[in-house]
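A short worksheet on the structure shown next.
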Amino acid sequence: MSQDAIQSQSGGNLPQNQSTLLIALGSNMSSDVGSPAEILQKAVTEIENAGAVIRSKSAFYSTPAVPAGSGPDFVNAAISVAATWAAPEAIAILHGIEARLGRRREVRWGQRIVDLDLLAVDGLVRPDVPTLRHWMNLPLEEQREKAPGQLILPHPRLHERAFVLVPLADVAPDWVHPALRKTVVQLRDGLPAADLKAITPLQ
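Position 24 of the sequence shown, counted from 1, bears residue number 27 in the numbering used here, the numbering being contiguous throughout.
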């Protein structure tokens with residue numbers, strides 16, 4: 004684990020008004036910015052320009068679209084950043100970056116130029132554990148049709164997605180899910196082997 008990742012987990016050298024935010028990035032469409040990988044690199048730069056300190060960045064991974072057959076393979080990554088943003092402010096900043104890079108929120112789980120998901124802010128649970136668990140336990144078919152009307156943290160599906168956990172293990176392997184009480188590595192290693200095998204580093 005890199006020194007940056009160690010520091011971001013410990014919080015030992017973060018100013019008191021800063022939090023550690025974990026962010027997932029994905030793209031499976033090219034644009035005027037460039038290829039999916041170039042779009043994600045631009046998104047990281049935009050996040051930094053918005054005032055965050057990039058503490059650790061994962062490798063870029065090729066991952067199958069979810070659900071299967073919904074589009075071209077994605078490029079996925081994860082970053083750990085230090086920022087003074089409260090969670091709602093972070094969401095607004097990420098959505099603004101998505102819009103500037105060409106994202107249009109028209110089709111749920113469809114092809115997209117860029118997707119920036121706030122996975123976690125330190126160990127914060129928002130709004131509360133029962134609501135978090137409700138969305139974590141929602142059946143897949145309902146997940147496709149319903150979206151929370153409020154910000155849920157940690158991201159209610161991060162624990163079941165290889166395309167999130169594999170990159171996240173690069174930057175925050177020891178982060179502990181506050182409801183499941185498992186580290187990112189433990190969550191990743193608990194996924195089906197076939198799901199993990201499908202996530203491959205870009206060459």
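The beta-carbon is built from N, C-alpha and C at its ideal position, and this holds for glycine as well.
Keep in mind it's a predicted model, so treat the numbers as computed, not measured.
Check, Outcome
"Within 10 angstroms of the Cβ of Lys60, are there 16 or more other Cβ atoms? Answer buried if so, exposed if not.", "buried"
"I need the straight-line Cα distance from Val84 to Arg58, nearest angstrom please.", "5 angstroms"
"Within the chosen definition, does the segment 117-133 reach the segment 86-99 through at least 3 CB pairs nearer than 8 angstroms?", "yes"
"Quick one: give me the first and last residue of the alpha helix (DSSP H) that Val132 is part of.", "132-139"
"Any contact of the segment 40-57 with the segment 136-155, i.e. 3+ C-beta pairs under 8 angstroms?", "no"
"Roughly how many whole angstroms lie between the Cα atoms of Met32 and Ala175?", "27 angstroms"
"Return yes when the Cβ of Val78 is within less than 7 angstroms of the Cβ of Phe63, no when it is not.", "yes"
"Could you pull the start and end residues of the alpha helix (DSSP H) that Val56 belongs to?", "Counting along the chain, Val56 falls outside any alpha helix (DSSP H), though it belongs to the beta strand (DSSP E) covering 56-60."
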